[in-house]
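Undergrad:
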Amino acid sequence: MKFKTLAIHAGHDPKEHQGAVMTPIYQTSTFAFRGVGEPGPFDYSRSGNPTRKALESCLAQLEGGSNGFAFATGMAAEATVLMMFSAGDTIVVHDDLYGGTYRLFESVFANKQIRAHYVDLRNAEKLRAALADKPKAVWLESPTNPLMNLVDIRAVSDLAHEYGARVICDNTFLSPYFQRPLQLGADIVTHSTTKYINGHSDVVGGAVVVNDPVLAEKIGFLQNAMGTCAGPQDCFLVLRGVKTLALRMEEHNRNALAIARWLEKHPKVATVLHPGLESHPQHELALRQTTGSGGTFSFRLSGGEAAVNHLLANCKTFTLAESLGGVESLIEHPTTMTHASMSREVQLKMGITPDLIRVSVGLEDASDLMEDLESALAGA
């Protein structure tokens, strides 16, 4: 089946649910045994739930994996993956990443003696040098949040596997519609399903997809043991959202690219960071590795702090809020919002400067969004 068909039908068979065309919400904590010592396919919702199973199967098929796992949040998904590692292990991490992931490594897992070694994964020699120390895994985002840098997933995976390291890729920004890291060599794919996969800003969730049965067994065990799974209501909402994923991603992509091209010519914008633009230094990699750039990108504003504050305060159609991937357009300031958990020193080292703005372009009419930005920029 092609992607659009899978998004609608994967994981659900009406014959298994009394003919229900949509997967029912199995809002139950426990399931009756068939007899003494005879559990059915489900016994307790932390261990498994039919609504969750449908979502997990759907996401696995969309990512081209064998097993999917749905979690309460994207951070619960990441934390569960990291619990596979032990004290003394090192994970090579791309040195440009989401602030919440950085906080997880530095404020939670560092205390458990699981060390993050930050490396620019765009540099093969730096990666090879880091791999010489025998890390257990390589962790990356592509594109990165919020700087929109790309990592060559195939090249990193091939090199990491030479040294026996697993590759973990956060695919939140592009979704499996525009990028499939497992097919590029990654071992584990993570998502915040809060974002594009759900797409309606009404649920938080996370997901992990793998192809390796050994990894699937480990993650399934940890999901159950730690209780990080998603509830049935949230799974239902994500399943509903994923059915329109292909259509939404195409429109996000069109709108965002149109606005990025417009901003690139704006006199008050210094730089636009969008991999779909020919001006992006990794545009060729974007064309080779992905089939679209999604709806999120960043730009640097001229005029200093006053200009940034004026823009953020005066947008009307764009909402000043964290998160991304919903049908509505959002605008945010990484320095003081999504990446505020990082010190200013770390932010600047990554390139997250006070003039940086990140936008999540929604499904409104692109001309209305440009008019909104133009009006807000007028007094900046």
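In this text, residue positions in the sequence shown follow the numbering used here: the first is 2, and each later residue adds one. Glycine is no exception: its CB is placed at the ideal position from the N, C-alpha and C atoms.
1) At which residues does the beta strand (DSSP E) containing Y119 begin and terminate?
2) Taking 8 Å as the CB-CB cut-off, is A80 touching chain C?
3) What did DSSP end up calling N68 once you bin it into helix, strand or coil?
4) Under 8 Å, with one C-beta from each stretch per pair, do the region 265 to 285 and the region 124 to 137 reach the 3-pair mark?
5) Give the DSSP bridge partners of C230, in chain order.
6) Does T29 come out as helix, strand or coil in the three-state DSSP assignment?
7) In the DSSP assignment, what are the bridge partners of R167?
8) Considering only their Cβ atoms, is the gap separating S294 from L258 smaller than 8 Å?
9) Looking at the structure shown, is A21 part of a helix, part of a strand, or coil, going by DSSP?
10) Classify R345 as buried or exposed, calling it buried when 16 or more other Cβ atoms lie within 10 Å of its own Cβ.
11) Between the Cα of G296 and those of V139, N225, I198, A8, spot the shortest distance and give me the residue it belongs to.
12) My output table needs one value for E265: the three-state DSSP class, helix, strand or coil.
13) Between the Cα of S143 and the Cα atoms of A117, A21, L185, which residue gives the shortest distance?
14) Considering Cα atoms alone, identify which of T318, K54, H284 is closest to F368.
15) Using the C-alpha atoms, what's the distance from P214 back to G41?
16) Could you please give me the residues that DSSP links to D209 through a beta bridge?
17) How should T337 be labelled, buried or exposed, when 16 other C-beta atoms within 10 angstroms of its C-beta is the threshold for buried?
18) What's the call for Y119, buried or exposed, on a 16-neighbour Cβ count within 10 Å?
19) To the nearest angstrom, report how far apart S342 and L288 are at their CA atoms.
20) Does DSSP classify A271 as helix, strand or coil?
21) I think R53 touches A187, with their Cβ atoms under 8 Å apart; what is that distance to the nearest whole Å?
22) Taking the alpha-carbon positions, what's the F86 to T194 distance?
23) Considering only residues of the same chain and omitting the five flanking positions on each side of K219, which have a CB-CB separation below 7 Å?
24) Check S108 in the structure and name its three-state DSSP category.
25) In the DSSP output, which residue or residues are listed as bridge partners for L331?
TA: The answer reads as follows:
1) One-based indexing of the sequence shown puts residue 119 at position 118. Where Y119 is concerned, the enclosing beta strand (DSSP E) stretches over 116 to 120.
2) Note that chain C does not occur in the displayed structure, where there is just one protein chain.
3) Looking up residue 68 in the sequence shown gives position 67. Of the three classes helix, strand and coil, the one that applies to N68 here is strand, per DSSP.
4) no
5) Locating residue 230 in the sequence shown gives position 229, counting from the first residue. For C230, which the question treats as bridged, DSSP gives the partners F72.
6) In the sequence shown, counting from the first residue as 1, residue 29 sits at position 28. The answer is coil: DSSP assigns T29 none of H, G, I, E or B.
7) As a first step, residue 167 is located in the sequence shown; it is residue number 166 there, counting from the start. Paired residues: A138.
8) Here residue 258 corresponds to residue number 257 of the sequence shown, with the count starting at 1. Here residue 294 corresponds to residue number 293 of the sequence shown, with the count starting at 1. Going by C-beta atoms, L258 is nearer than 8 Å to S294.
9) Translated into positions along the sequence shown, residue 21 becomes position 20. Of the three classes helix, strand and coil, the one that applies to A21 here is coil, per DSSP.
10) Numbered from its first residue, the sequence shown carries residue 345 at position 344. When all chains shown are included, R345 counts as exposed.
11) For the purposes of this step, residue 296 is taken as residue 295 along the sequence shown, with counting starting at 1. Nearest option by C-alpha distance: I198.
12) As a working mapping, residue 265 is identified with position 264 in the sequence shown. Helix, per DSSP.
13) Here residue 143 refers to the residue found at position 142 of the sequence shown. When only C-alpha atoms are compared, the closest one is L185.
14) To locate residue 368, count along the sequence shown from 1; it is residue 367. The question names Phe, but residue 368 in the sequence shown is Ser. Checking every option, the nearest Cα to that of S368 belongs to T318.
15) Sequence index remark: in the sequence shown, residue 41 carries index 40 (1-based). Sequence index remark: in the sequence shown, residue 214 carries index 213 (1-based). So the alpha carbons of these two residues sit roughly 23 Å apart.
16) Along the sequence shown, read from residue 1 onward, the residue named residue 209 stands at position 208. Residue identity check: residue 209 is Val in the sequence provided, not Asp. Partner(s): F70, T191.
17) As a working mapping, residue 337 is identified with position 336 in the sequence shown. Exposed, because fewer than 16 other Cβ atoms sit within 10 Å of the Cβ of T337.
18) Within the sequence shown, the letter at position 118 stands for residue 119. When all chains shown are included, Y119 counts as buried.
19) Position 341 of the sequence shown, counting from 1, holds the residue named residue 342. Position 287 of the sequence shown, counting from 1, holds the residue named residue 288. The alpha-carbon atoms of S342 and L288 are separated by roughly 33 Å.
20) Here the question's residue 271 lines up with position 270 in the sequence shown. Reduced to three states, the DSSP call for A271 is strand.
21) Position 52 of the sequence shown holds residue 53. Position 186 of the sequence shown holds residue 187. Not confirmed; about 23 Å, so no contact.
22) As a working note, residue 86 is residue 85 in the sequence shown. As a working note, residue 194 is residue 193 in the sequence shown. If you take the alpha carbons of F86 and T194, they lie about 24 Å apart.
23) Here the question's residue 219 lines up with position 218 in the sequence shown. The answer, listed in chain order, is M85.
24) As a working mapping, residue 108 is identified with position 107 in the sequence shown. S108 falls in the helix class under three-state DSSP.
25) Taking the first residue of the sequence shown as position 1, residue 331 is located at position 330. Note: L331 sits in a beta bridge opposite T320, S361.
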